[in-house]
Structure formats: structure tokens, C-alpha cells
């Protein structure tokens, strides 16, 4: 029993180190994402005319009386900066963007009671889609508005367009096609034009101009929205300081003039920019140049009392447009609007003038305040991100204002200007609170996240280089320090602020533990150096000559590619290119070292000047040809995998792979059959390849649970899959009388597959051994020819040493009998029945392989049928990579290269982790939200779900299938060189004179310390590559947060990369835990086998 | 140690580089509308032809080609034939590699093959000139101890530079700059050409600088 505990204890430091490493990464990601991605909950309620804004009141706050305007024209000029709209007559040498819109200034000065020009301040993120959302919902959209639909971009929140439709206004839209995606089917008439090509300055604008005037003259509209894109595209392409901008602005000037001339008396004109631009023409961030746009309001009939007075706002926040337009046009204010009405547009109390029945300033403000209060109450009951103390303050403020207003109205007095001021103060503070919560990057959190991630990558790197030393002396110190730092920070925060922010506690914990680790690593390195052992030097670790070797240069290139939007868009091909380059580097490097060809022609070796190892040309040639053949398979699957890619919308001329659409959508029945046959064929090949591999190494002989899984569950699962595909591909109208059966099968088959998968994985976990023992008393013919067992000579040294010598013996016998095709046979050893153990050589890799095989089938179930081919390619590529790694290791060791323990070099690990990304793309996924395969949530649940956890996890499994498979299978990289080891290569050193025997994976048990250090090194290297990619995409998002593509390319990429890291680190931990589980089982098995060994 | 040889190598490289320059300039004068981007294929062919011709001539004049065992005409003819075959096979090989690296399979096959021809004339042709039609020797040259003379070392350097240049030339293709040299295969062939010219300059310099460290086994 103590052996069992010893084993378990041996695994613990390894697991806890990995877990701790992952945790540090998670903290870094959490901090950065918390500072970068602003999250807001969407409130899916809509206002109506019959709403009672306060409980117990009469309904009818909205839609009361006659609206001030019957019609409105909304001209949105994308990126109309305030600088563009100003006119300075004294400026004699205007820059290209100055003084090009004289119409605004002329109108304001000629007709002061008809028009106003204000700066119009947008909220970050200043991207067009978020801005359109902002000035139609009146809310502060963030990058992630957590709503019901991630799949489409349609606005579900209550908005102005919806409200206009509700009261029967005909909304006509023309211009930027983003609107059409945001408000599908909401317009009375819609003329969208493609907005994607930034280089195209004229398509959208000319399209609008073709229809704008004819529409205005006609009577088929109430609200007209025209969104011009030319100015924005001109900024992106040339920058504001360019003659093209002058032309564009002059054109806009003409447009505004013509529209003003065609307006009728009951029509309101609003000309506005949705955001500004920087001096280089970009936008997206929060600098004043990007946020300050212009708004120009005009009505043919006078609506202002006179020229602009003192009390008018200096700057109009963008949210304020929504309540203003809503009340002026007589519609309810959208539910989630936090804007405040633009007071100058409403007549002051008492001077109701000609516009009888319309709202006065105070009435409008009161309705506005009640609506905002209602929204705040609803939101705070749903989400907890608004700090409670400011919420209480706001509530208090509102109750004070409302009692004051109500008493004023009850007494019939006209509301004082103080009351107006306090109403406005309330509305402003609500908006400011919301803005602080939703619409601001947190640069400190972002910096802390970056810092932690950078240190975590460094830690992973050092851990992988110094795994042996660090594993030996890992203790509880990091955890204790982390806890202490976290608690200390929490205490400090409690004292200073009165409440605890978890993110900062985590940050200080992570940072302190990282610093401690780096210090410890440094100290242990110096200690080792003093002892004189050949530990790697720090200096040599960080020199360019070490870092710029191709295996590390390729991940460096990969990380650099994440900083460019073009490379992120072409990521699938970029990764394939890099994998291919690194794969071709393997044989070239081997050849450069002279390892690829047998050195028989070398005169020095022939003369015996160099130490001749036990290599024969034929063995080298065999290994080389295996390597080249596997390289061929790898290259082939790389090339074929390119045909399974999906398409991003940014990629213009791209056809998504035909295999991506489910079979049921294929119309041509012949094609359908062909696809089905292909899929089933690859499914069958997947299963049979796995079984053949297991059988080849003798893992299918015993009667354990794992073998049961391999023999029965694996084929059964694939049969289930094939049947499921057949059922789901059946057209709905055929087989009418079998409809019930088919729907039952659609429900039952995937569920049965899920159960089988769970059962199989559980069985592997329960009893992972695939060793078949034969114990016979009778001696075989060959047994006598064996040399006397050596371990007998070592009796008396230590039980462990004895055990260690016994293992090769056992294995050797088994291997011999296999080689001779003798399935029976036995041996007398030391008067105990000798044992033959089939499958002992692959005792570690077999369960892992089977685990991956089953998991792969389960993940395939969540994909479209055509992806079976891609999964087959994945399996082939995995095998090819493993064999290439094994052969190159063999070739190096055949030529007498210095043994590196079981260490896995960088090249295969880099290939492995890049292949994970490559197959992410080759299984039809893309790092964009619209490309998520939502269908996966309905496999086995055709009627939908009640909860959210199950569908979310199904979709996650589908999206990151390739990362999961590669991460779980990662330990195979450690085992495969041992599985494929060439006999005579290593055993010369290991077992003295019995040099002819391969011991395969049992060799790992000879030096458990090296085994676990190699496992740690492998995992740390894998985590390093994955973590470096996360770090690179985090850097990209942080550095390029003002980039045009940040919300389209970099932010989604960051989220996918971070989730991929999360999923792959968890899967890696599962894989490593499974290996440790097998290790424990093997220890038990040996203990049973040699009961007296531990005595 | 090999001052004379280094000098002859440098001058032969200068001749080859001059031929590349002439192959770019002369058609620009003679052919109306010729430009490296616009009529890229034409430029490719003219450069390939110039490099091929000059390399063969230079290596023949310098007597680089390994001495043949037999001097019969038939043997020489078969050697010539094999060289041509190797040249063609190498073009095919490069074409396949380019396609595997992501070059369009069908649409611009002509462009891809032209690039393969250029790469062949920059790399394989040199191998043919220095080592003769012997793949075993080619493979052996590209190992740490495989070089038998300074010409072999030079071969290693120029071939590596050319291939790395072509590889780096693929990098700008996905970028959205809309430049004429981003079109397939312009950037790759320019990269290969620049790499080759760099190799021509670097090889004699490197050998001259390292002439004390270099030791060659006897043939």
C-alpha cells in the first residue's frame, strides 16, 4: 500500500505545479479581459404608449398630446467631426477639412430660431456599429452586450426604430448596410449599400443620393434615415488632411443644402456624425478627437426662442438624441435609454406658443426622469455591476426630486428653475454612473493582466528548461505567499476603500507568486551550477542564438502574426504555412547534422576513428524512410486540411468548404450519398486505425475494462454515429409513416452515443491497464536459451533495484514470444511462474490513445457530417507527427547523440500546438462570433434546452475540439519515441550485456524522477506555446485598441484565444492526470506481480 | 589558403550578378512596356535564362564540374541528358512544394511553374554545375561536414539564402496593402532573387573571413 501512496505523492507536485501555472495564466487573462471587454446586460423590455412609469400612476406619460413634429430626416454622416462642421471666416488658408461645410454656420447665423449646431459627444467604443446601437437605443453599448442572441447582430433591445414602427411611422432607410443587419425587417423601405470596402468612397453615398431627393419629394415616408459613409472611408484611406476629404465634405455641404430646401414645415432635420476621427483618420478609442462629432438641428418652422443663450449645453452627449427625438415625434422613450432630453428643443413652461399641447421642458424632463428611474430599477434587479452605494444614492436623489415635482404640480405653481436643474442633475448622474460601469477601458487592469501573462510565459519557459531541478524542490511556499499577498491586498482595500475588489487581490497574489518562483528558480540554478552538474545556464537560455533557432522562431513568427489584422484574417493558411515550414525543417536539420543518411561512406567512421555505435546502414535507412514517409503523410494532410476551411466576411472571394454544411441541406441526392459514404468511410478508418494500432502493440488481449472499451464501445460508438448521420440526413417529407421512429432516433442515437462515450471514458479511468499476463509453469523451448536473469545477482541491494531489474526481464520474454509468433510460452524464473505480459510496452500510451480516440468520436458527433474527413486527417497528422518525432529521436540516438533523458525537444511540441490551431480552422471554425457552430447545441436535444450550461458546454466542445484532442494527447509525445524505439539503440546503456531487447515504455519506470520531470517539461512547453499565443493576442488587443478592426478582428480573436487556452490547459491536465493514473495502476500491478519485492 | 579560388569565386559571382542586372535592364530597353511587376513572367524568364546560361558558362570555364570517369561522347551525352532531366524534375519538385505551401493549384499554375523554374535555375542548376547529376551528392553537400571544397560551402550558402529569401517573400502576400508586388508570385520571386544576390555577395565574404577555420576532407 505504501507503494501506492508513494506513487500518488510522486504525481502530486507535478500536478500541483501545472495547476498553479494554469491558475496564474487564468488570473492574467481574467484581469486583462475585465479591463478590456466591457460587459453589459441587455434589458429585453420595450416601452409602450400605455406604460405607467411609476406604480400607482395613471398610464399615458408617453404619446400624450400632439407631437411637435410629424416627420424627421436623419442625415448621418459617418465620422463627421466637430472640426469639419465649424466655419471660421477669418481662416484664409483652410486645411482640406476646414471650412468645407459653410451651410451649417450660414443657417445658424441666418435663422437662429430655426437651427442649432452642437458638439455631439459619442461614448467609447467609437465604432460605427456600437454608435448606431447607442443613438437608437439611448444606451451605452459595450463590446459584449450579453443578450439572447450571439449569433446575429440584430438589436433586441428597445430602440427608436422599433418605437417608430410601433406608433405607425414609416421609416425609410438608405445607406450603410450595418443598419440592415441591426434592424432586420424593421424598415418600411430599406436601401442598404455594402459598407465593407473601406477603400470605396462613393458607392454608398452615390447610392443614397440616387434615391434621397425622390423619396423626400414623395409622400411614402415619415422618418428618413440616410447614413453616408464617404467621409469615414476617406478618413481611413487618406486621413482628414487630404484633398479627397475636401471634395467629400463639399459634396456633403451640397447634400445638406438640397435637403434643407426640400423640407416642409412639420419636418425636423438632424445632421450628425456618429463619431470623430484621429489625425490619421482612425477611430474606435476614447480620445476626444474620436468622440467629438457634430450635430446640427434644423426645422423650417421656428422652434427656438431666439439665438443661443447662456443656458444651452456646450456639448450634447450622444445618448440624449433618443429621448429628444422620441418625445418630439410622439413615441415612447426606449426602455433602456439613459439619455436626457435636449431642453432647448422644448418650449419653457408657460410659453406654449403655437405648439399647443406639446410638452414643456419640465414635463419632458419629468417623463424622462421617470423612464430612466424605471430602467435603473429593472437593470439593478437583473445585474449587480452597478455599485450598490451609488445605486442607493441615485434612488435617494430621485425620490427627493419626484416629491418636489409632484408637490409643485399639485399646488399648481410653475416649476422653478431649481427643480429643472435638479431633474437634470439626476439624469446626468445616472448617465455618469452607467458610463463608469459600462463604457470605459480600465488601463490599470489591462496593464496588470499583461504583466502577469508575461511573467507567466517566462515562468513556463524556465519551468520547461529547469524542470528536473524545480520539481525536486517544489513546496507549498508559492501557494502560501500567494494567499498571504491576496489576503494582504484584501485587507488593505478594506481599510482604504471599505470594500474588496477580487480582481486586485488575485492580481497581487499572482504577481507575488510569480516573483517568488523566478527568484527560486534563479537560486536553485546557481545552487546547481555550484554543484557542478550540467544544468542549463540562464545566460545561454536567453541569448538570441538559442531563441532564434527555427523551433522557437516559428512560434515567435506565429505570435507576431497575431498583431496584424491581415494575418489574423488569413490565420488558417498562416498556421498551415508555419507547420509545413517547421515540418520540412526536421529532415533538413537532421541532414545538416549528418543523421539522415547512413554514414558508411564516411572514411573516419569506417576507420574506427569515431566511436561506432550499434547502427547498421539498413536500420538508419529504414528510420529515414519512415521519417520521410510520415513527412509525406503530414504534408498531404496539411494540404488536404486546407479544403475544410470556413470563410470570414473579410475574405472577399472565398468559398466556404462544401463539407461544412450538414447533409440534410444538400439537395442533390447523389452528392448526399457520396458525402455520406465518404464520412462513414473515414469514420470506419478512424476506428480501425485505432484498433489496429492497439492490437499491433498487444493491448487488446486482456479482459480489463479498457480493453472492453476498445473492443466494444469504440465500434459501437462509431455505428451510433453513422446511424445518427443517416437519420439526420433523411429529408423530412420522405418516409412519412416512419416519422415518429425517425424523430425518436434523432433523439436516442446521439444520446446513446453520449452515454457510450461517458461509459468508455469512465472505464478507461477505472482500469487503465491493458496488460495481458500469462503465467505458466511449463518451460518453453526458448526459455532455456535465455541468459540467467541478472536481477538475482542484485539481491540484497534494495527491493527497488531488484524490481527495476525484473521489469526488463518480463518485458523481454514477452517481446520474444511475440516476435516468434508464439502466443503461448512460459519460463521458470527463480522457481516462480514466469510471466508474459502482452502490451506492457505500451502500457502508458494505449489508454491515452484510446481515450483520445473515443473523445474524438464524441467531438465528431457535434460537428457536421463532412468533418469526419477532417477528423481522419487530424488522426493521420497526429500519427505522422508522433512518428516523425520518434524517428528523429531514434536517428539521433542511433548516431550516438547525447541522451537527453526522456526530454521532448521544442520542435515536436511546437508542431503539436500549431497543429491544434491548424485543425481549429480545418474543422470549419473561425475566431469570429458569427462562425460559431450553434447547431452543436442541438445534437441529441432537437427540441432545445431549458438551461444554458449544457448547450454552452456542447458548443464549447464543438468549437475547441481540435485543441482538446491535441492537448489530451500531448503526453503521447513523450511516449512515442519509446514505443518506436529501435532495438539496440538504448538498451546497451540500460541493461548491460542483454543489449538486444527493447523495453519500450517500461523504461520510464526505471527512472521515475526523470519520467515526471520530462512530463512536466512537456506540459510546460505546451503551455508556454499556448500561453505565448494568448499573450500575443492580448498585446494586439491592448496596443491596437484604436485600430479600425479592433472589435471585428482583434477582440474576437482575443476571446477565442483565451478560451482556447482555458480549454486546452484543462484538457492537458486531464491528459497528465490520466498518465499519472496509469502510473499508479502499473505500480499496483507490479506489486501484485512481485509481492515480495517490497518486503 | 585558397585566396586564388576565393578571388575567382568572387569574380564569377560578380559576372552572375551582372547578368541578372543585364537581364533586367536590356529587356526594359528593348521590349516596350516591360517592367518587373507588370510583365513579371517575362522578367522571370529572362532572369532565369541569363542565370542559367552564365552559370553554366562560368562553371565550364572554371572547370568546376567534377571530372568524368569516361570521356566517350555517349557518356557525355547521357550526362547532358540526365542533367536536363534533373533540371526538369527539380522544376516539378519546386512546383509541388510551392503548391503545398499554399500556391493556387489551378488558377495561376503558369505563374507558379515560372517561379519553380526560377528557383531551379538559382539552386538546382548550381548543384548541377558543381556536383553533377548526382542526387546523393546533393543531399550530402547540405550537411555540416558535407562540403568538400569552398565551392561546396558557397553552394550551401547561396542555396540557403535563395530558399530563405523565397520563403520570406511569401510573408507580405496576405497583407492588405494592395501593392503590385504583393501579387503572386512577384514577392516570392523577388525574395528569391534578393536572397540569391545576397548569397552571391555573402558566400565569398564569409569564406574569406572564415578561411582559417575551414578544413575540407579530401575528395
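Protein chains in written order, with this note's numbering: chain V, 1 to 1095; chain E, 10001 to 10219.
All C-beta atoms, glycine included, are put in the ideal place defined by N, C-alpha and C.
Here the structure is a predicted model, which means the values were calculated and not measured.
Does any residue of chain V bring its CB to less than 8 Å from the CB of residue 10003 of chain E?
Not an interface residue.
Count the other CB atoms within 10 Å of the CB of residue 769 of chain V; is the residue buried (16 or more) or exposed (fewer)?
Buried.
Of all the CB atoms in chain E, is at least one closer than 8 Å to the CB of residue 593 of chain V?
Residue 593 of chain V counts as touching chain E.
Measuring straight from C-alpha to C-alpha, what distance separates residue 25 of chain V and residue 269 of chain V?
Spanning the two alpha carbons is a distance of roughly 53 Å.
Since residue 694 of chain V and residue 846 of chain V should fall inside the 8 Å C-beta cutoff, what is the C-beta to C-beta distance between them, to a whole number of angstroms?
Residue 694 of chain V to residue 846 of chain V, Cβ: 6 Å. Contact.
Using the beta-carbon of each residue, which ones in chain E are nearer than 8 Å to residue 574 of chain V?
Under the 8 Å cutoff, chain E gives 10174.
Please name the residue in V:169, V:82, V:462 and V:421 whose C-alpha comes closest to that of residue 1022 of chain V.
Comparing Cα-Cα distances from residue 1022 of chain V to each of V:169, V:82, V:462 and V:421, the minimum goes to V:462.
Under the rule that 16 or more other beta-carbon atoms within 10 Å means buried, what is residue 9947 of chain E, buried or exposed?
In the structure displayed, chain E extends from 10001 to 10219; residue 9947 of chain E sits before or after that span and is not available.
Assess, as a yes-or-no matter, whether the stretch 957 to 966 of chain V is touched by the stretch 918 to 927 of chain V under the definition of 3 or more beta carbon pairs within less than 8 Å.
Yes, the stretch 918 to 927 of chain V is in contact with the stretch 957 to 966 of chain V.
Could you check whether residue 85 of chain V and residue 296 of chain V sit closer than 8 Å to each other, using their CB atoms as the reference points?
Contact: yes.
Tell me which residue opens and which closes the alpha helix (DSSP H) that residue 10207 of chain E is part of.
Segment 10186 to 10209, the alpha helix (DSSP H) holding residue 10207 of chain E.
From the beta carbon of residue 570 of chain V, is the nearest beta carbon of chain E less than 8 Å away?
By this cut-off, residue 570 of chain V is an interface position.
Would you tell me roughly how many angstroms separate the C-alpha atoms of residue 671 of chain V and residue 855 of chain V, rounded to the nearest one?
Cα to Cα, residue 671 of chain V sits roughly 29 Å from residue 855 of chain V.
Applying the 10 Å Cβ sphere with the 16-neighbour rule, what's the burial state of residue 902 of chain V?
Flag for residue 902 of chain V reads buried.
Look up residue 186 of chain V in the DSSP assignment and say whether it is helix, strand or coil.
The answer is coil: DSSP assigns residue 186 of chain V none of H, G, I, E or B.
Is residue 224 of chain V near residue 42 of chain V, with beta carbons less than 8 Å apart?
The answer is no: Cβ separation not under 8 Å.
Using a Cβ-Cβ cut-off of less than 8 Å, give me the residues of the stretch 632 to 662 of chain V that come near chain E, in sequence order.
Against chain E - using a Cβ distance shorter than 8 Å - the residues of the stretch 632 to 662 of chain V are 635, 638, 639 and 642.
Determine the contact status of residue 518 of chain V and residue 459 of chain V, defining contact as a CB-CB distance below 8 Å.
Result yes, Cβ atoms of residue 518 of chain V and residue 459 of chain V sit closer than 8 Å.
Does the beta carbon of residue 213 of chain V sit closer than 8 Å to a beta carbon anywhere in chain E?
Chain E contact via Cβ: absent.
Are the Cβ atoms of residue 1050 of chain V and residue 565 of chain V separated by less than 8 Å?
Yes.
Considering only heavy atoms of the ligand SAH, does any lie closer than 7 Å to the CB of residue 1054 of chain V?
What this structure holds is no ligand at all, so the ligand SAH is not there to describe.
From residue 472 of chain V to residue 1083 of chain V, what does the alpha carbon distance come to, in whole angstroms?
Rounded to whole angstroms, residue 472 of chain V to residue 1083 of chain V spans 21 Å at the Cα level.
Under 9 Å Cβ-Cβ, which residues of chain E neighbour residue 669 of chain V?
Residues of chain E passing the Cβ test: none, with the nearest at roughly 28 Å.
For the candidate residues V:506, V:1041 and V:1019, whose alpha-carbon lies nearest to that of residue 1069 of chain V?
Looking at the Cα atoms, V:1019 is the closest of the given residues.
Along chain V, which residues have their Cβ under 9 Å away from the Cβ of residue 10095 of chain E?
Those within 9 Å of residue 10095 of chain E in chain V number zero; the least Cβ separation is about 13 Å.
Using a Cβ-Cβ cutoff of less than 7 Å, which residues in the same chain neighbour residue 96 of chain V once the five nearest sequence positions on both sides are dropped?
Closer than 7 Å at Cβ, skipping near neighbours: 241, 242, 243, 245 and 246.
Using a Cβ cut-off of 7 Å, which residues of the stretch 10098 to 10116 of chain E contact any Cβ in chain V, in chain order?
Correct list: 10100, 10101 and 10102.
Using the DSSP secondary-structure output, state which residues sit across from residue 945 of chain V in a beta bridge.
None, per the DSSP bridge assignment.
Leaving out five residues on either side along the sequence, give the residues of the same chain with a beta carbon under 8 Å from the beta carbon of residue 511 of chain V.
Once the five neighbours on either side are set aside, the close Cβ partners of residue 511 of chain V are 448, 451, 452, 455 and 485.
Which of the three DSSP states, helix, strand or coil, is assigned to residue 115 of chain V?
Here residue 115 of chain V sits in strand by DSSP.
Is the stretch 560 to 574 of chain V touching the stretch 10160 to 10176 of chain E, taking contact as three or more C-beta pairs under 8 Å?
As far as the Cβ criterion goes, the stretch 560 to 574 of chain V touches the stretch 10160 to 10176 of chain E, which means the pair count is three or higher.
For the stretch 10177 to 10186 of chain E against the stretch 10194 to 10213 of chain E, are there 3 or more C-beta pairs whose distance is under 8 Å?
Contact between the stretch 10177 to 10186 of chain E and the stretch 10194 to 10213 of chain E is absent, because fewer than three Cβ pairs lie under 8 Å.
Which class does residue 51 of chain V belong to by DSSP, given the choice of helix, strand or coil?
Three-state result, residue 51 of chain V: coil.
Express the C-alpha separation of residue 843 of chain V and residue 701 of chain V in angstroms, rounding to a whole number.
Roughly 12 Å separates the two Cα atoms.
According to DSSP, simplified to helix, strand and coil, what is residue 766 of chain V?
Correct three-state label for residue 766 of chain V: helix.
Whole-angstrom Cβ separation of residue 39 of chain V and residue 142 of chain V, contact assumed at under 8 Å?
Yes, they are in contact, since the Cβ atoms of residue 39 of chain V and residue 142 of chain V sit about 6 Å apart, within 8 Å.
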